[in-house]
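>
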């Protein structure tokens, strides 16, 4: 009987962890879409580009891609993949 309760509890915990991960993924995608939308709006309105971009471009020109990605992560709080994509898009 105890094993069945423990198994049920384990399944419930696994399900909750899975659902939380899916929810975090969904929120992350929503934030990315919102940021992309804000970037397009800023471009359309003629707002100046973020000053960090020139620093990042300079690092890339010097062949210091790893440092550019690291700096992007520090400034924007992005994941490694997101920061790499950001630097690649400059």
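Residue numbers (the numbering used here): 94 to 183. Even glycine gets a Cβ: it sits at the ideal position worked out from N, Cα and C. Quick caveat: nothing in here was measured; it's all calculated off a predicted structure.
#1: Taking only the alpha-carbon atoms, compute the straight-line gap between residue 170 and residue 97 and give it to the nearest angstrom.
#2: Just verifying my parser: in three-state terms, what is the DSSP assignment at residue 172?
#3: Can you look up residue 143 in the DSSP assignment and give me helix, strand or coil?
#4: Between residue 178 and residue 94, what straight-line distance do the alpha-carbon atoms span, to the nearest angstrom?
#5: Exposed or buried, which one is residue 152 when buried takes at least 16 other CB atoms within 10 Å?
#6: Counting only the same chain and skipping the five closest in sequence on each side, list residues whose C-beta sits under 6 Å from that of residue 142.
#7: Tell me whether the beta-carbon of residue 140 lies closer than 7 Å to the beta-carbon of residue 183.
The relevant details are as follows:
#1: Going by the C-alpha atoms only, they are around 43 Å apart.
#2: Coil, per DSSP.
#3: Shown here, residue 143 sits in coil according to DSSP, grouped into three states, outside any helix or strand.
#4: So the two alpha carbons sit approximately 52 Å from each other.
#5: For residue 152, the number of other beta carbons within 10 angstroms of its own is at least 16, and it is reported as buried.
#6: Closer than 6 Å at Cβ, skipping near neighbours: no residue.
#7: In this structure, residue 183 does not lie closer than 7 Å to residue 140 by Cβ.
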